Amino acid sequence: MATAVSPETDRSRTPEETDHQLVHLDAALIVRDECNAREHDTTPDEKLVTSVKELGVEEPISVRPRPDGTYGAFKGWRRTQAAQMANETAEQDGRPVRTVKAFVRADLVGKDGYTRFLSLVENDHRKEMDTRDTLKAQELSLVGMDEVDQARAVRAMGLKRGAVKHLRTAQKLNDATLRQATAGGMDLEQTAQLTEVEGIPNATQRLLKALAKDQEEGRGGRGHWDQEFALLTEEKASTKARADAFAALKKSDVTLASDLGYDQKQTVKPLTDLTTGLGAPITGDKHHGCPGHCATLDEDNQPVFYCADPAAHGHKVRKQPKPHRTAEEEEQAAQKSAERARVVACNRAWKAAAGPRQQFITRLVKGKTLPEEARVFAQTVLLELPEFYGKWASKRDTTAVARFLGAKEGERTTAAELAAPLPKAKFANVLFAQVAAAFEADIEDPKSYDMIHYRPAYLWEAPSAQQAAYLLLLEALGQADNGSYALSEVEEQAVSAHRPKTPDAA
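The sequence shown begins at 0 in numbering that gives the first Met the number 0 and counts up one residue at a time.
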């Protein structure tokens, strides 16, 4: 059997196949189409082979004619292989050699992108495809289409803007993480974002937990996801900055203290504990030529210099009494270390939270109508003119205002010039952009100084009533906008004392 059999009419045709010929093909003439989306798990299982032996291939497959006279199956390749296996043993089993019903899609010759898309849809609706196959097929499908077909395919696959970029990025994840992301309900954009922070310990688990919180709220927003992703991004940047600082230190021909041998690690001393033979202090610059010169980085990525063997290189160790710490003092030291770690973590989290917050402000300002609560808040600030607003306005820095309004940033562009081209209906949006920019400048740095108690102060511990009101306003607006924005954990901590007291809370 080496030729196609006469066509027939099939009432089960889909709209895509209505105008295409349904024929009976010799299974031996069918090969796998190069644009078949399924690349893994392509072998038919025993159950399918058994069924085809008894009944043949009940549902038509879809093929494209090939120059060599064969047909490429882009839908139904597993069923075709089952038919080929069944036919190999048909004679000895006393069964008929069966043909395969197929839609011959000559119109798809040369249209690889759309063929791959149709194959993807077919396989996605049948036995579950390998996640990587799905992503690769989606990407290659869209890349190979014209704009009209691409728009149609994106809608059909339930994807969003920037799908091709996200698809390409998501495929960088390993198989286990891909499966975990898919099972956890991450969409394509979120899966691509996971790729950016995958190297941070427990990044997948942290993002899945944030996603679960968004899903539990049931509003369809991704406020908690955005906050966790921003924090992970900040941690990644911090890790990279430290790695870069170490690399720069090593490039300057300074030995790293961590690279010292075991014996040297027993004798190493910081330069602050050493003096010259005459008792003069030793600085990093003066010590640079010493064979024992080495360094490490402190918490702020600044170099701290040491000498690997002070005695061997003629340095004296400052005489310092060895204090005997009591158990209480040991506990206080441990608490101080834990507090320092908490401060570093909270400062980092506060800076990371600025990204999602300002993105939400931009969406509010660019919206057709500003929420009434935002208008009233901006109006109140402009009428009362608090001190922080006056300081910000005197600087005449409209960078943030321009960003919120979606305008081009100019070196000498005033707020009035930014607002001039906008319609009158957008006046409230402009006012809120102005007020929000002032608040963002006011809360940008989490660290300040308490002049009353002469100690560092942190916004995440005790924000002003105005700062807390600003954050609570954004939280309320985000909740009203289907949960599109939520406060970060550190912001929630900051405003907790300023939340309105309810009977339940009392």
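Cβ atoms here follow ideal geometry from the backbone N, Cα and C, with glycine treated the same way. Because the structure is a prediction, the values reported are computed rather than measured.
Per-residue DSSP class, three states only, for residue i
i, result
"Leu296", "strand"
"Ile442", "coil"
"Arg63", "strand"
"Thr79", "helix"
"Thr42", "coil"
"Ile29", "strand"
"Gly71", "strand"
"Pro355", "helix"
"Leu486", "coil"
"Asn346", "helix"
"Lys110", "coil"
Buried/exposed call for residue i, threshold 16 Cβ in 10 Å
i, result
"Thr368", "exposed"
"Gln149", "buried"
"His124", "Residue confidence for His124 is low, a pLDDT of 48 falling below 50, so the modelled location carries little weight; the figure read from the coordinates is stated next. Exposed: under 16 other Cβ atoms inside 10 Å."
"Phe426", "exposed"
"Arg37", "buried"
"Lys318", "exposed"
"Asp441", "buried"
"Thr88", "exposed"
"Gly68", "exposed"
"Ala424", "exposed"
"Lys126", "Per-residue confidence for Lys126 stands at a pLDDT of 49, beneath the threshold of 50, marking its modelled position as unreliable; the derived number appears in the next sentence. So Lys126 ends up on the exposed side."
Rounded separation between residue i and residue j - CA only
i, j, result
"Asp32", "Tyr70", "8 Å"
"Ala353", "Leu296", "27 Å"
"Glu443", "Cys293", "36 Å"
"Leu207", "Ala180", "8 Å"
"Arg160", "Asp186", "12 Å"
"His23", "Leu54", "15 Å"
"Pro66", "Phe116", "22 Å"
"Gly405", "Val375", "22 Å"
"Glu58", "Phe102", "10 Å"
"Tyr388", "Glu372", "19 Å"
"Ala82", "Thr238", "56 Å"
"Leu210", "Glu329", "41 Å"
"Thr325", "Ser336", "17 Å"
"Val494", "Gly477", "16 Å"
"Pro290", "Ala242", "25 Å"
For residue i, the residue or residues it bridges with in DSSP
i, result
"Cys306", "Lys268, His292"
"Leu24", "Val99"
"Tyr519", "The structure shown does not extend to residue 519, since the chain is modelled only from 0 through 505, so no value can be given for it."
"Tyr261", "None; Tyr261 has no bridge partner."
"Val534", "Lying before the first or after the last residue shown, residue 534 is absent from the chain, which here runs from 0 to 505."
"Lys315", "Thr274"
"Leu255", "Ala294"
"Pro280", "Thr274"
Nearest-angstrom beta carbon gap, residue j and residue i [assumed within contact, 8 Å]
i, j, result
"Gly184", "Gln214", "7 Å"
"His312", "Thr275", "The Cβ separation is near 11 Å, so there is no contact."
"Tyr484", "Leu473", "6 Å"
"Leu363", "Phe431", "7 Å"
Minimum Cβ-Cβ distance from residue i to chain C less than 8 Å
i, result
"Pro422", "Considering every chain present, this structure includes no chain C. It has just one protein chain."
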